[in-house]
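The next block holds one structure in the form of structure tokens; read it before the comments.
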Ligand code: ATP
Ligand code: MG
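Structure below.
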């Protein structure tokens, strides 16, 4: 056994090893972006199971998204083998759902309860008006619960039932929470109920990446971990394995003015002297910015594959960039359209995702309902989604039917496209797929293997990494975001800066920031100035792009001929 354990931790650096092999009790891992939080977390679980005889079924790992949960599960499989299946891995929502399913009767729910879709919620809302008590009653009459109740109901249940608390504490003796900086009050209360103050709670995160306060998250819970949990051990990870040195230096300077981590350090593990500077492109217009993105992508993907063919001069990992290595990030979802259209015109495949809930996307609820009706069919979920899409698109194309609530065939097809990777991952398990539709975010449906450029809101990009990143729209008014007639508070600006930091730190090898001179915002063409966050960065870290970017034919097919 010892050999297994030692071998395990060999793949970690000294501080990661300290974190992974720390003894039981509360443990807070404060770690900047790219410092290997996921690697450390999975190795800690593997180490505890292999070395300290912890049972995998006593472990509960909570991640922020379904996709992160899948990734964690996958890596645990690699480290632990089949027993990894016994570790409970999920999001707060899926954890809440598990607790509710196991205690449906005590929670006053039938065992057949399900999560309300948006039509069902809207109907209940319309009937109940502002009266939240009535709203819940209407849902209950149909055996439905609201998504938000997936965490509040278990909290209420546990609050009133110390014996139940004991049962869960006995079951999940080791709890791990990733992205702890973004827990909200209810999630925090659930954790406090599940873990005693001296329990084996391991929280991992980075206060400087707290970006979800608009959803009720509060970084204060992270900052007071040591006060909440007895004799908490603190480990810091400061070595960044993700980004090139110039990218990291840029990000560190960007966050410095409002860092929440005293003595924040982030040291580059990658010290390639050839690493390119961060490209900065001042675009004249939105169209010009989109054109810059397309040109540069074409240059990186097309140009470099040419070069490697004839000269063999390959500069390491950047010589074979494919579309799947590239992400375009932006502050607001509406910024995606011009970029997506420009890429489409150049025949570059894209997958676009936001941080919004999947079920809020037009078309998703009707597909879910169609699938529940036709539940008896069996077969792969992906095939059933496609079939449901066909049926619905035909039905909704008929002009006489006005039952669609504004959903058209295009919405159906685009929803089918978004849902397909998720459906494929679910195999034949329709129930699991429907559960994910109800609780998941769009970004959960990202296909990491797709040969496509990924378009993401900054919020959705959290936790992900890409060899090439474009951060577009780095302008005052977008970063920080400002609405007409209102000035963001100091705290809001700080959160926007953290969002900017999250964006910059997604990049591994190449990072481009751009801003436009004029943009249509709130129905009006306005002059824009670059984001004030850019002025906090040493200009020497940027390479100013403009005329220097070689123009290439826009149509990829032309070049193929
Ligand atoms: P974020 O805050 O953005 O979520 P993170 O701390 O979770 O970042 P990871 O995604 O776990 O970072 O790791 C970043 C990258 O660094 C990954 O590609 C990972 O494989 C690599 N990495 C982590 N630790 C090591 C290590 N000890 N040796 C080599 N590579 C490592
Ligand atoms: Mg992470």
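Residue numbers (UniProt numbering): 519 to 1079.
Glycine included, every Cβ here is placed at the ideal spot set by N, Cα and C.
These figures come from a predicted structure and were not determined experimentally.
Close Cβ partners of residue 875 (< 7 Å) along its chain, the five nearest in sequence each way excluded: These residues qualify, in order along the chain: 959.
Helix, strand or coil for residue 660? Go by DSSP, reduced to three states. Coil.
Should residue 725 be counted as a contact of the ligand ATP given a C-beta to heavy atom distance under 6 Å? Not under cutoff, so the answer is no.
Residues near residue 938 in its chain [Cβ-Cβ closer than 7 Å; skip 5 each side]: Here the set comprises 900 and 903.
Inspect the beta-carbon positions of residue 905 and residue 1021 and report whether they are closer than 7 Å. No, the Cβ-Cβ distance between residue 905 and residue 1021 is not below 7 Å.
Member of 662, 998 and 807 whose CA lies at the smallest distance from the CA of residue 859: The candidate whose alpha carbon is nearest that of residue 859 is 807.
Considering only heavy atoms of the ligand ATP, does any lie closer than 6 Å to the CB of residue 496? The first residue shown for the chain is 519 and the last is 1079, placing residue 496 beyond what the model contains.
Please go through the region 698-727 and give each complete beta strand (DSSP E) segment of 3 or more residues, from N-terminal end onward. Complete beta strand (DSSP E) runs here, min 3: 718-723.
Is residue 609 near the ligand MG, in the sense that its beta carbon is under 6 Å from a heavy atom of that ligand? Not one heavy atom of the ligand MG lies closer than 6 Å to the C-beta of residue 609.
What's the C-alpha gap between residue 654 and residue 936? Using only the alpha carbons, I get a separation of about 31 Å.
Is it true that the CB of residue 722 sits closer than 7 Å to the CB of residue 547? Yes, the Cβ-Cβ distance between residue 547 and residue 722 is below 7 Å.
Residue 853 to residue 1028 span [Cα, whole Å]: Those two C-alpha atoms are separated by around 21 Å.
Using a Cβ-Cβ cut-off of 8 Å (strictly less than) and excluding sequence neighbours within five positions of residue 748, which residues of its own chain qualify? Closer than 8 Å at the Cβ level, and outside the excluded window around residue 748, lie 543, 544, 715 and 716.
What does the shell around the ligand ATP hold, if a residue joins when its beta-carbon is under 5 Å from any heavy atom? Cβ-based neighbours of the ligand ATP within the cut-off: 531, 551, 552, 553, 554, 555, 556, 557, 759, 760 and 981.
Beta-carbon separation of residue 993 and residue 1049 under 7 Å? With contacts defined by Cβ atoms closer than 7 Å, residue 993 and residue 1049 form a contacting pair.
Note down the Cα distance separating residue 744 from residue 768, rounded to an integer number of angstroms. Taking the straight line from one Cα to the other gives about 31 Å.
DSSP state of residue 577, grouped into three classes? Residue state, collapsed to three classes: strand.
What number of angstroms, rounded off, separates the C-alpha of residue 793 from the C-alpha of residue 784? Cα to Cα, the separation comes out at about 17 Å.
Inspect the beta-carbon positions of residue 608 and residue 624 and report whether they are closer than 7 Å. No, these two residues do not count as a Cβ contact at 7 Å.
Three-way DSSP call (helix, strand, coil) for residue 629 in this model: Residue 629: coil per DSSP, three-state reduction.
On a CA-only basis, which of 619, 611 and 886 is nearest residue 701? Give me that one, please. Of the listed residues, the one whose Cα sits closest to residue 701 is 611.
Spatial neighbours of residue 708 within its chain, please: C-beta separation below 8 Å, excluding the five flanking residues on both sides. Taken in chain order, the residues that qualify are 610, 613, 614, 669, 672, 673 and 676.
Of the residues 751, 559 and 924, which one's Cα is nearest the Cα of residue 592? Among 751, 559 and 924, the Cα nearest to that of residue 592 belongs to 559.
What residue from 810, 766 and 640 has the CA that sits closest to residue 790's CA? Considering only 810, 766 and 640, the residue with the shortest C-alpha distance to residue 790 is 766.
Can you give, in chain order, each stretch of the beta strand (DSSP E) that sits fully within the region 889-976 and has at least 3 residues? For the region 889-976, whole beta strand (DSSP E) runs of length 3 or above, ordered along the chain, are 971-975.
Evaluate the contact criterion for the region 1034-1053 versus the region 559-579: three or more CB pairs, one atom per stretch, below 8 Å. Between the region 1034-1053 and the region 559-579, the count of C-beta pairs closer than 8 Å stays below three; the two stretches do not touch.
At least one CB of chain C closer than 7 Å to the CB of residue 850: is that the case? Checking the listed chains, one finds no chain C in this structure; it contains a single protein chain.
Proximity winner among 1032, 776, 974 and 704, relative to residue 733 (alpha-carbon distances): Looking at the Cα atoms, 704 is the closest of the given residues.
Evaluate contact between the region 969-976 and the region 1001-1009, counting only Cβ atoms and requiring at least three cross-stretch pairs below 8 Å. No contact exists between the region 969-976 and the region 1001-1009.
Run the CB neighbour count on residue 1026, radius 10 Å, all protein chains shown included, and call it buried at 16 or more, exposed below. Buried is the call here.
Strand pairing of residue 1032, partner residues [DSSP]: DSSP, once it has assigned bridges, lists 799 as partnering residue 1032.
Under the DSSP definition of a beta bridge, which residues are partnered with residue 869? Its beta-bridge partners are 972.
Simplified DSSP assignment, three categories, for residue 635: Residue 635 falls in the coil class under three-state DSSP.
Compute the beta-carbon to beta-carbon distance between residue 711 and residue 621, rounded to the nearest angstrom, for a pair I have assumed lies under 8 Å. Between residue 711 and residue 621 the beta-carbon gap is near 13 Å, outside 8 Å, which marks them as no contact.
Please report the straight-line C-alpha distance between residue 535 and residue 1061, rounded to a whole angstrom. Going from the Cα of residue 535 to the Cα of residue 1061 covers about 37 Å.
Would you report the Cα separation of residue 1064 and residue 799, rounded to the nearest angstrom? Straight-line Cα distance between these residues: approximately 6 Å.
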